[in-house]
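Undergrad: Protein chains in written order, with this note's numbering: chain P, 1 to 361; chain G, 362 to 722. Heads up, the beta-carbon is just placed ideally off N, CA and C, and yes, glycines get one too. Values in this document were obtained by computation on a predicted structure and should not be read as measured data. The structure is given below, and queries will be raised subsequently.
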């Protein structure tokens with residue numbers, strides 16, 4: 001099985017630590033390894049090779065962090081995109097380089113999974129489903145009516161009940177709809193993880209998005225392959241810009257999953273967290289006695305429930321609570337924790353002000 | 362008249378911008394000139410020479426900022442202290458180098474005065490009193506019962522009522538005492554500004570603190586005088602450490618003013634502010650439409666009544682109010698505005714942790 005890791009996300013809701021040059025997945029957000037490094041490590045026992053799809057700008061980071069996480073002993077290929085075209089093209093570009101029977105475990109690079117044992121069990125079920133020809137998704141038990149995620153509606157259980165057929169994919173719901181989903185019980189959070197054989201995915205892609213398959217083939221053929229050591233399969237394929245731009249930008253859900261036959265959901269309770277906001281980072285991090293989460297160097301006086309990140313800096317909090325304080329050399333964010341979802345809007349506003357060119361975003 | 366500017370303060374309550382190497386008076390706190398530069402500029406029309414008493418470490422800053430503020434055309438001498446011994450020794454060291462009849466206007470370097478016209482009028486009255494042999498103080502009309510200042514109790518008005526004799530100096534009062542002072546009307550805030558002839562001050566010092574006068578004389582004689590251009594009076598006198606340490610450390614109030622005869626108070630309403638906390642800096646600075654005070658580079662979203670300083674940095678506030686955010690390259694303070702007096706305690710705690718040696722304090 002190959003682990004296809006998608007590293008194209010920008011993670012703007014975790015600005016200013018996460019930015020174009022150093023997106024969320026390559027930053028130390030929760031202490032210890034980066035999210036990308038944790039993703040690699042998480043799958044070491046499951047797979048025998050990796051394909052990393054990432055931006056050309058991020059290649060040096062990805063290469064170094066992969067090497068550290070895999071201890072340099074795992075087969076890996078990189079596909080470098082000159083620009084992002086959402087998930088379906090990224091997955092297609094990877095699958096086009098694999099034998100049709102190869103099982104592909106598609107994972108984001110920027111999520112956290114705390115229950116490794118449950119994860120390994122779920123992945124084993126997904127692999128089994130994939131080997132039987134299913135396109136498997138991982139459905140996270142919906143712990144509460146979250147409005148920030150898409151949902152997967154389960155249909156008929158398979159004969160051994162380890163996974164279920166999928167009835168429908170649901171867009172991010174409003175609160176009352178989300179409440180109804182949780183109450184109904186057969187709805188799961190869509191985690192963005194998938195498992196299928198390369199051939200089955202490309203077959204369904206050819207059926208429902210033939211234009212994408214064709215343009216992806218051309219882009220892959222035009223790709224500049226470089227094998228650093230001059231032997232074996234190419235390690236790095238760089239897709240040219242013109243060919244990349246020709247591929248329609250669509251998510252795998254929209255392009256394939258919502259339309260395909262034999263789509264399965266593996267229900268799982270694996271301690272999944274998409275770390276989609278600073279508040280989510282706060283929730284997952286360890287805290288001190290005053291419920292502050294921080295790196296070294298924090299001095300909190302009469303201050304509680306704050307998230308503070310500012311590597312290498314002495315930070316003092318005095319009589320403040322429920323704040324997010326994220327410091328970097330050129331930008332500082334001080335935000336109310338409950339409003340951390342709005343950081344994306346901040347970045348959009350800064351972008352509109354032309355600050356992207358200064359490396360600030 | 363000579364303006365004696367005392368620059369020995371550390372301004373720890375304005376940490377982390379104010380610190381030993383760059384104390385409060387030499388930092389741009391309220392926009393435009395530094396407080397030291399503003400002090401020099403404020404007195405240009407009043408005096409024909411300056412004496413600056415400051416720490417040896419601060420001399421380059423003081424010299425450069427003096428030159429900029431005085432446009433390089435004013436006579437100036439520097440007395441460099443190897444360590445601070447409070448105000449009375451600093452004033453003695455300066456007066457010992459002046460003719461006895463020279464009128465000395467003693468001013469802190471770290472206060473703000475917004476009504477220049479009223480200040481010039483008050484200084485003229487103080488000068489007149491000094492020429493008549495008084496030791497004049499500047500008493501600020503007590504606008505409210507402040508517990509952070511000392512008070513001057515006025516006695517008999519002089520014949521022309523422009524100034525009054527002083528009955529007593531009062532330590533920082535508790536709130537009910539301060540309220541009684543304000544109600545009584547004859548109590549003024551002690552601004553730390555004085556005016557007298559050099560001879561009269563030294564005469565009273567010799568009477569009430571003879572040991573200080575003697576040790577100050579020895580220190581002044583042991584001082585290493587350097588005239589950068591090799592001609593005229595020495596520009597810079599550096600006091601040796603051993604001789605400085607031999608001088609008793611006392612304030613001018615305690616050593617002289619509280620005991621001397623013919624002490625006067627010039628009542629004045631001059632827009633005085635001792636800028637003794639970040640909250641005071643907030644109050645005096647200009648604000649945007651959401652009552653935020655900041656340097657350039659602030660983006661405040663749904664955020665009000667904050668003071669933000671972080672030169673050269675992009676700072677984003679999101680849904681926060683009444684905060685102080687002070688960013689420097691190696692330290693960041695985020696504090697509730699009403700608690701800004703406690704910053705001194707923070708610095709003391711950091712000092713106890715041995716952080717002074719790292720230049721952080």
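Please state whether the Cβ-Cβ distance between residue 687 (chain G) and residue 384 (chain G) is less than 9 Å.
TA: Not closer than 9 Å, so no.
Undergrad: Go to residue 537 (chain G), then tell me how far its alpha helix (DSSP H) extends in each direction, as first and last residue.
TA: Residue 537 (chain G) -> alpha helix (DSSP H) spans 536 to 545.
Undergrad: Closest by CA to residue 87 (chain P), which one among P:346, P:193, P:341, P:322?
TA: Checking every option, the nearest Cα to that of residue 87 (chain P) belongs to P:193.
Undergrad: For residue 115 (chain P) and residue 275 (chain P), I'd like the C-alpha separation in whole angstroms.
TA: In a straight line, the C-alpha of residue 115 (chain P) is about 15 Å away from that of residue 275 (chain P).
Undergrad: For residue 640 (chain G) and residue 698 (chain G), I'd like the C-alpha separation in whole angstroms.
TA: When rounded, the distance between both Cα atoms is 6 Å.
Undergrad: Under a three-way DSSP split, which group does residue 593 (chain G) fall into?
TA: Any reading at residue 593 (chain G) needs caution, since the residue's pLDDT is 49, under 50, leaving its predicted position unreliable; the model's value is listed next. Correct three-state label for residue 593 (chain G): coil.
Undergrad: Any C-beta of chain G sitting closer than 9 Å to the C-beta of residue 307 (chain P)?
TA: No, residue 307 (chain P) lies away from the interface with chain G (no Cβ there is under 9 Å from its Cβ).
Undergrad: Whole angstroms are fine: how far does the CA of residue 281 (chain P) sit from the CA of residue 136 (chain P)?
TA: Straight-line Cα distance between these residues: approximately 28 Å.
Undergrad: Mind checking residue 565 (chain G): buried by the 16 CB within 10 Å criterion, or exposed?
TA: Buried.
Undergrad: Check the Cβ of residue 11 (chain P) against every Cβ in chain G and list those closer than 7 Å, keeping chain order.
TA: Within chain G, no residue comes near residue 11 (chain P); the closest Cβ sits about 16 Å away, beyond 7 Å.
Undergrad: Could you give the DSSP three-state label for residue 568 (chain G): helix, strand or coil?
TA: Of the three classes helix, strand and coil, the one that applies to residue 568 (chain G) here is helix, per DSSP.
Undergrad: Should residue 739 (chain G) be flagged as near chain P, meaning a C-beta pair shorter than 9 Å?
TA: The question about residue 739 (chain G) has no answer here: the residues shown for chain G are numbered 362 through 722.
Undergrad: Which chain G residues are close to residue 325 (chain P), counting only those with a beta carbon under 8 Å from its beta carbon?
TA: Ordered by position in chain G, the residues that pass the 8 Å Cβ test against residue 325 (chain P) are 693, 695.
Undergrad: Just by C-beta distance, which residues in the stretch 365 to 394 of chain G are closer than 9 Å to chain P?
TA: Of all residues in the stretch 365 to 394 of chain G, 376, 377 have a Cβ within less than 9 Å of some Cβ in chain P.
Undergrad: Compare the C-beta of residue 193 (chain P) against all C-beta atoms of chain G and say whether one is closer than 9 Å.
TA: Cβ-Cβ to chain G under 9 Å: no for residue 193 (chain P).
Undergrad: Determine which residues share a DSSP beta bridge with residue 493 (chain G) and list them.
TA: Answer is none; residue 493 (chain G) lacks a bridge partner.
Undergrad: Closer than 9 Å, CB to CB, is residue 232 (chain P) near chain G or not?
TA: Its pLDDT being 49, under 50, residue 232 (chain P) is placed unreliably by the model, and nothing is read from it.
Undergrad: Count the other CB atoms within 10 Å of the CB of residue 470 (chain G); is the residue buried (16 or more) or exposed (fewer)?
TA: Answer is buried; the Cβ neighbour count reaches 16.
Undergrad: When the Cα atoms are used, what is the spatial distance from residue 263 (chain P) to residue 134 (chain P)?
TA: Using only the alpha carbons, I get a separation of about 6 Å.
Undergrad: Nearest-angstrom Cα distance between residue 367 (chain G) and residue 544 (chain G)?
TA: Between residue 367 (chain G) and residue 544 (chain G), the C-alpha separation is close to 32 Å.
Undergrad: If the cut is a Cβ gap below 7 Å, which residues of chain G does residue 317 (chain P) touch?
TA: What residue 317 (chain P) touches in chain G: 695.
Undergrad: Rounding to the nearest angstrom, what Cα-Cα distance links residue 654 (chain G) and residue 668 (chain G) in this structure?
TA: Their backbone Cα atoms lie some 5 Å apart in a straight line.
Undergrad: How many Å lie between residue 72 (chain P) and residue 41 (chain P) at the Cα?
TA: The straight-line gap from Cα to Cα measures roughly 12 Å.
Undergrad: Between which two residues does the beta strand (DSSP E) harbouring residue 469 (chain G) extend?
TA: Unbroken beta strand (DSSP E) run through residue 469 (chain G): 464 to 469.
Undergrad: Quick one: what does DSSP say residue 59 (chain P) is sitting in, helix, strand or coil?
TA: Residue 59 (chain P) falls in the helix class under three-state DSSP.
Undergrad: Taking Cβ to Cβ, would you say residue 320 (chain P) is nearer than 9 Å to residue 165 (chain P)?
TA: Taking 9 Å as the Cβ cut-off, residue 320 (chain P) and residue 165 (chain P) do not qualify as a contacting pair.
Undergrad: Distance check for residue 107 (chain P) and residue 284 (chain P), CA to CA, integer angstroms please.
TA: If you take the alpha carbons of residue 284 (chain P) and residue 107 (chain P), they lie about 20 Å apart.
Undergrad: Compare the C-beta of residue 616 (chain G) against all C-beta atoms of chain P and say whether one is closer than 9 Å.
TA: Cβ-Cβ to chain P under 9 Å: no for residue 616 (chain G).
Undergrad: Can you name the start and end residues of the alpha helix (DSSP H) that residue 262 (chain P) belongs to?
TA: Taken as a continuous stretch (DSSP letters only), residue 262 (chain P) belongs to no alpha helix (DSSP H), as it is neither H nor E.
Undergrad: When you compare the CB positions of residue 439 (chain G) and residue 415 (chain G), do they come within less than 9 Å of one another, or not?
TA: It is a contact, given that the beta carbons lie within the stated cut-off.
Undergrad: What residue does the beta strand (DSSP E) around residue 550 (chain G) start on, and which one ends it?
TA: Looking at the DSSP string, the run of the beta strand (DSSP E) that includes residue 550 (chain G) is 548 to 558.
Undergrad: Residue 212 (chain P) by DSSP, collapsed to three states: which one?
TA: Note: residue 212 (chain P) maps to helix in three-state DSSP.
Undergrad: Cβ of residue 461 (chain G) within 9 Å of Cβ of residue 561 (chain G)?
TA: Cβ atoms of residue 461 (chain G) and residue 561 (chain G): closer than 9 Å.
Undergrad: Suppose the cutoff is 7 Å on Cβ atoms and the five residues either side in sequence are ignored; what does the same chain contact list for residue 486 (chain G) look like?
TA: Around residue 486 (chain G): 523, 524, 627.
Undergrad: Hey, residue 317 (chain P) and residue 340 (chain P) are a contact pair by Cβ (cut 8 Å); roughly how many whole angstroms apart?
TA: That belief does not hold up - the Cβ atoms of residue 317 (chain P) and residue 340 (chain P) are roughly 17 Å apart, past 8 Å.
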